[in-house]
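Here the structure comes first, spelled out in structure tokens, and everything after it is commentary.
Numbering (my numbering), first residue to last: 80 to 466.
Structure representation (structure tokens):
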């Protein structure tokens, strides 16, 4: 018996008998090149680009290449189960769709298409607070799907409270607070084109629809868009919060809270001491600090520092199912997939996202089994060798 997701491989081969091939490449690492051919240079540069010279993006991939899977034989891995439990809720695989904003620059349906694809596969989606559609619109598209909300922490407490109240009312169950993007890094690919989506009113839907935000404006955004955009930028960039402000978030959110952007074990311990429920080890896909360590390099030490006191998730540089096996083995409870699904969105809308995620889940499950394991819980650093 194959696992739940690995059967996508056979489905593709059987469709070949009818002369059908997949809607786009099954090589998740090759999606970037395919997406570049259909996106505007500005949109592609924004999604694919990183900080500075791109050294951290390269470091993310190099970190995965340094770890090698050591397969084991005759382990009775025929039946495999990727089911994972996070914060008491069962999900079909240790995979979530990472929060990525301004998806309208790659496809008009943007986060709505992503939400429908995620719900159809049972994979949780993390909605960016820089989304192109409102919280309520994405919740409606998500339906019964598991959904988390990501917060770029605004400097206005009333706006923060209002946005989080809307997210809870709309059925978002966990809060992911991004810490590493309180101001934008130096990004030459965007700067050379003088391109920032937000000043073009892309990715501002959640704030523009928020009553507390609108109350701060002399005129509604519909009458004075430029002033509203500048106020949005002022609220969501330029303010670095402190550890002492975390209790405010706990007052505003009664579900699990995860801190995203942790890369040092001491920060992980401080998060636990502050009562946070989870950590996302991440360097924002190499988009914030040029010359930083690959996120995977930080994962083992953070997982060891945290132990079972909080859930440790991983993000940054994931391109394949084998990458996910490595991250899970090094201590992640689940992994967030970022750019690849957005490339799928660009290439095929909802169907493109679904194809990319199904491909990744199939490869994850097949790699897990071929390495000699039946469940993610069996993975540990001992299944890898650093080479």
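In this text, a Cβ means the ideal position worked out from N, Cα and C, and glycines have one as well.
These numbers come from a predicted model, not from an experiment.
Can you name, in chain order, every residue of its own chain whose Cβ lies under 7 Å from the Cβ of residue 232, other than the five neighbours on each side? 239, 256 and 320
Around the Cβ of residue 92, are there at least 16 other Cβ atoms within 10 angstroms (buried) or fewer (exposed)? exposed
Going by the C-beta, is residue 435 closer than 6 Å to any heavy atom of the ligand GDP? Summarising the ligand content, the structure contains no ligands, and the ligand GDP is consequently not present.
Sorted by chain position, which residues of the same chain lie with C-beta nearer than 7 Å to residue 367's C-beta, five sequence neighbours on each side aside? 130, 259, 260 and 264
Give me, in chain order, the residues of the same chain whose beta-carbon lies closer than 7 Å to that of residue 290; leave out the 5 immediate sequence neighbours on both sides. 241
Skipping 5 residues on each side, what residues in its chain have a beta carbon closer than 7 Å to that of residue 125? 184, 269, 274 and 276
Where does residue 247 sit, in a helix, a strand or coil, going by DSSP? helix
Name the one or two DSSP bridge partners that residue 137 has. Its beta-bridge partners do not exist; DSSP assigns none.
How many whole angstroms separate the CB atoms of residue 142 and residue 376, which I take to be in contact at a CB cut-off of 8 Å? 5 Å
Under 7 Å between the Cβ atoms of residue 253 and residue 227? yes
Quick one: give me the first and last residue of the alpha helix (DSSP H) that residue 422 is part of. 418–449
Can you tell me where the alpha helix (DSSP H) holding residue 405 begins and where it ends? 400–408
Residue 274 - DSSP class collapsed to helix/strand/coil: coil
Runs of alpha helix (DSSP H) wholly within the stretch 342–410 (minimum 4 residues, chain order): 344–352, 374–385 and 400–408
Take residue 80 and list the residues in its own chain whose beta-carbon comes closer than 7 Å to its own, dropping the five residues that flank it on each side. Per-residue confidence for residue 80 stands at a pLDDT of 40, beneath the threshold of 50, marking its modelled position as unreliable; no derived number is given.
Quick one: grab the DSSP three-state call for residue 124. helix
May I have the straight-line CA-CA distance separating residue 354 from residue 378, to the nearest angstrom? 20 Å
Taking only three categories from DSSP, how would you classify residue 152? coil
One question on the structure: do residue 432 and residue 424 come within less than 7 Å of each other, judged by their Cβ atoms? yes
Cα-Cα, which of 313, 369, 382 and 364 is closest to residue 347? 382
Locate the alpha helix (DSSP H) running through residue 315, then write down its first and last residues. 304–315
Hey, how far is the Cα of residue 401 from the Cα of residue 391? 19 Å
Bridge partners of residue 229, per DSSP? 255
Top-ranked residue by Cα proximity to residue 137, from 169, 365 and 345: 365
Of the residues 127, 164 and 223, which one's Cα is nearest the Cα of residue 194? 223
What's the C-alpha gap between residue 215 and residue 229? 14 Å
Range of the contiguous alpha helix (DSSP H) that encloses residue 198: 189–200
Of all the options 168, 298 and 187, which has the alpha carbon lying nearest to the alpha carbon of residue 122? 187
What's the C-alpha gap between residue 134 and residue 96? 44 Å
So, do the stretch 100–117 and the stretch 330–350 have three or more beta carbon pairs nearer to each other than 8 Å? no
Compute the distance between the beta-carbons of residue 450 and residue 148, then report whether it is under 7 Å. yes
Please state if the CB of residue 286 and the CB of residue 311 are separated by a distance shorter than 7 Å. yes
With residue 176 as the anchor, note down where its beta strand (DSSP E) starts and where it stops. 174–176
Nearest CA to the CA of residue 283: which residue from 359, 110 and 307? 307
By how many angstroms is the C-alpha of residue 349 removed from the C-alpha of residue 318? 20 Å
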